[in-house]
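Engineer:
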Amino acid sequence: MTPHARTPSPAHALTVDPGIRDLRGADRLLRRLAVELELPEGTFGCTHLVRGDRPRVAVSLSLPSEPYLRTTWARLAADGHGEPAAGLPDASGRAVLYPGARALTGTMTVAELIAGSAISGVTVLGAPGTPDPGTRMVTRDHVRPQWQQGELLLTATPARGGVLVPFESPVPTPCCADH
């Protein structure tokens, strides 16, 4: 059982603004960094929307310890991914890398999803309360929970057959892909 996560400590976090304009590109960057930098289990990699004159997506990494933070910071700066900044840009990052994320594939129950990952809860759009723990979740191999009030929560929607699917589609509609 994976312990449920609370907002990562900004003491071991850094943010990079690589100038990426879409979530899919930021997801690819985080997955590539996880491999290239050999990020340890317990790392959280999140995307953060940056609004203003130049809308874009920044990425943050929250690491399990100070030595990992120092090493990651140095390697990011040397590899030309942008100048790292200390801390998190906001408290509501969309998690791409988190404990248990790789195992969230196929169909599982809500209880299995929560027990096997850092996700602490599931909410269903338009429904009061939380879903029954035995409700089946079709992950579509794309589970992107978001930090909300210090908890990592997954928003889901009902789908055909009485199952749930994560709200965020792995193949977004073009009109909505960059929001």
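Residue numbers for the sequence shown follow this note's numbering, so the first one is 40 and each next one is one higher.
Each residue gets a CB set at the ideal place from its N, CA and C atoms; glycine is no exception.
These numbers were taken from a predicted model, which means no experiment stands behind them.
Which residues mark the beginning and the end of the alpha helix (DSSP H) in which Ile153 is found?
Structural biologist: If you number the sequence shown from 1, residue 153 lands on position 114. 149 to 154 is the span of the alpha helix (DSSP H), which, as asked, contains Ile153.
Engineer: Answer yes or no: do Asp129 and Glu75 have a C-beta to C-beta separation smaller than 9 angstroms?
Structural biologist: As a working mapping, residue 129 is identified with position 90 in the sequence shown. As a working mapping, residue 75 is identified with position 36 in the sequence shown. In this structure, Glu75 does not lie closer than 9 angstroms to Asp129 by Cβ.
Engineer: Which of the three DSSP states is assigned to Val210 in this structure?
Structural biologist: Here residue 210 refers to the residue found at position 171 when the sequence shown is read from its first residue. Reduced to three states, the DSSP call for Val210 is coil.
Engineer: In this structure, how does DSSP classify Thr111 when only helix, strand and coil are distinguished?
Structural biologist: Translated into the one-based positions of the sequence shown, residue 111 becomes position 72. It is helical.
Engineer: With C-beta atoms as the reference, is Leu100 less than 9 angstroms away from Thr82?
Structural biologist: Counting from 1 along the sequence shown, the entry for residue 100 is found at position 61. Counting from 1 along the sequence shown, the entry for residue 82 is found at position 43. It is a contact, given that the beta carbons lie within the stated cut-off.
Engineer: What does Pro205 pair with, by DSSP beta-bridge criteria?
Structural biologist: Position 166 of the sequence shown, counting from 1, holds the residue named residue 205. Looking at the DSSP output, Pro205 sits in a beta bridge with Ala195.
Engineer: Rounding to the nearest angstrom, what Cα-Cα distance links Ala52 and Ser104 in this structure?
Structural biologist: Counting from 1 along the sequence shown, the entry for residue 52 is found at position 13. Counting from 1 along the sequence shown, the entry for residue 104 is found at position 65. For Ala52 and Ser104, the distance between alpha carbons rounds to 9 angstroms.
Engineer: Give the secondary structure of His120 by DSSP, where H, G and I count as helix, E and B as strand, and everything else as coil.
Structural biologist: Locating residue 120 in the sequence shown gives position 81, counting from the first residue. DSSP places His120 in coil when its eight states are reduced to three.
Engineer: Could you tell me which residues DSSP pairs with Leu100 in its beta bridges?
Structural biologist: Mapped onto the sequence shown, residue 100 falls at position 61. Answer is Leu53, Gly84.
Engineer: If you compare alpha carbons, which of Val89, Leu78, Leu68, Glu122 is closest to Pro106?
Structural biologist: Taking the first residue of the sequence shown as 1, we reach residue 106 at position 67. Answer by Cα proximity: Leu78.
Engineer: DSSP has Gly160 in a bridge; who is on the other side?
Structural biologist: The residue given as residue 160 occupies position 121 in the sequence shown. DSSP lists Leu192 as partners of Gly160.
Engineer: How is the alpha helix (DSSP H) around Leu136 delimited, first residue to last?
Structural biologist: In the sequence shown, counting from the first residue as 1, residue 136 sits at position 97. Counting along the chain, Leu136 falls outside any alpha helix (DSSP H), though it belongs to the beta strand (DSSP E) covering 133 to 136.
Engineer: Taking the beta strand (DSSP E) that Val177 falls in, what are its first and last residues?
Structural biologist: On the sequence shown, position 138 is the one that residue 177 refers to. Counting along the chain, the beta strand (DSSP E) containing Val177 begins and ends at 175 to 177.
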